[in-house]
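Below is one structure, written out as structure tokens; comments come after it.
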Amino acid sequence: DAGVIQSPRHEVTEMGQEVTLRCKPISGHDYLFWYRQTMMRGLELLIYFNNNVPIDDSGMPEDRFSAKMPNASFSTLKIQPSEPRDSAVYFCASSFIGGPQHFGDGTRLSIL
Amino acid sequence: DQQVKQNSPSLSVQEGRISILNCDYTNSMFDYFLWYKKYPAEGPTFLISISSIKDKNEDGRFTVFLNKSAKHLSLHIVPSQPGDSAVYFCAAKKSEYGNKLVFGAGTILRVKS
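Residue numbers (this note's numbering), protein chains in the order written: chain A, 9 to 120; chain B, -1 to 111.
Okay, structure coming up:
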């Protein structure tokens, strides 16, 4: 039974480059969440979708960040242009309504 | 504005003894609470939850207690095992707002053998 799958697991790139993080939620889940974890701010919600529709993007830090969910089995989080302060671990999670969120193993992003 | 607080950054416990992890919240609208466990280089894993209509929920070695008047919950692990060493996150939500969770900063638990 596959869990939430994130790719890549690690990404190292230079500032100014575009970064795309990918997520495949658990089949049948109708909620998808993007989180960022840093030492300073802990685990913070960036955006979440319900049935592929963005519901709350109040956690997205800047216009440089964007997220899409073109279908029920795929979502992307894009940063353009990237900056060193974007370095963090980014997690994707999915759930049924009322159920616990299930997390992927994250993407560790380093912007040089 | 931290709505969910885990004031102990770390906790060290001897194998076989009880581990007690604490969490406080400020938003009285929260009606559902969860605990997650996280190992290094992995995502958080759901452990146990409790609704605000209950004051206790038990699952094997794990028990969560909720004190609504004090806006406080705790996770008890009995007996503690070395494999329980991980970061534990407390999370809360308001069910009317769907499945959006607010997480605490986490507590590192070390179980010594």
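Just so it is clear, CB atoms sit at the ideal spot from N, CA and C, and this is done for glycine as well.
Does the separation of the CB atoms of residue i and residue j fall below 9 Å?
i	j	result
T105 of chain B	S26 of chain B	no
S50 of chain B	L64 of chain B	yes
S73 of chain B	L45 of chain B	Looking at the sequence shown, residue 73 of chain B is not Ser but Leu. Cβ atoms of L73 of chain B and L45 of chain B: closer than 9 Å.
D29 of chain B	K69 of chain B	no
S35 of chain A	S81 of chain A	yes
L85 of chain A	V20 of chain A	no
V85 of chain B	S17 of chain B	no
G67 of chain A	N97 of chain B	no
R15 of chain B	P77 of chain B	yes
L117 of chain A	A96 of chain A	yes
Y43 of chain A	F99 of chain A	yes
G112 of chain A	G102 of chain B	no
F87 of chain B	Q1 of chain B	no
H110 of chain A	V27 of chain A	no
If you draw a straight line from the alpha carbon of residue i to that of residue j, how long is it in whole angstroms?
i	j	result
A10 of chain A	L54 of chain A	24 Å
T43 of chain B	H37 of chain A	16 Å
K54 of chain B	K66 of chain B	11 Å
N79 of chain A	S111 of chain B	47 Å
A39 of chain B	K52 of chain B	34 Å
S83 of chain B	K91 of chain B	26 Å
I63 of chain A	F57 of chain A	5 Å
V61 of chain A	H18 of chain A	27 Å
M23 of chain A	A89 of chain B	33 Å
S90 of chain A	P33 of chain A	25 Å
E13 of chain B	Y34 of chain B	20 Å
Y95 of chain B	I48 of chain B	17 Å
D65 of chain A	D71 of chain A	11 Å
M47 of chain A	P92 of chain A	14 Å
Quickly, what does DSSP pair residue i with across the bridge? List them, please.
i	result
V85 of chain B	B:K36 and B:I106
H110 of chain A	A:S102
V64 of chain A	Note that residue 64 of chain A corresponds to Asp in the displayed sequence, not to Val. Its beta-bridge partners are A:Y56.
H18 of chain A	A:R116
K92 of chain B	Beta-bridge pairing links K92 of chain B to no other residue.
A96 of chain A	A:L117
N100 of chain B	Looking at the sequence provided, one finds Val at residue 100 of chain B rather than Asn. Answer is B:A90.
Name the two residues that bound the continuous beta strand (DSSP E) containing residue i.
i	result
Y56 of chain A	G50 to N58
S83 of chain A	F82 to I87
P78 of chain A	F73 to N79
Q45 of chain A	Y39 to T46
R30 of chain A	V27 to K32
Residue ranges of each alpha helix (DSSP H) within the region 5 to 78 of chain B, 4 or longer: For the region 5 to 78 of chain B, not a single whole alpha helix (DSSP H) run of length 4 or above is found.
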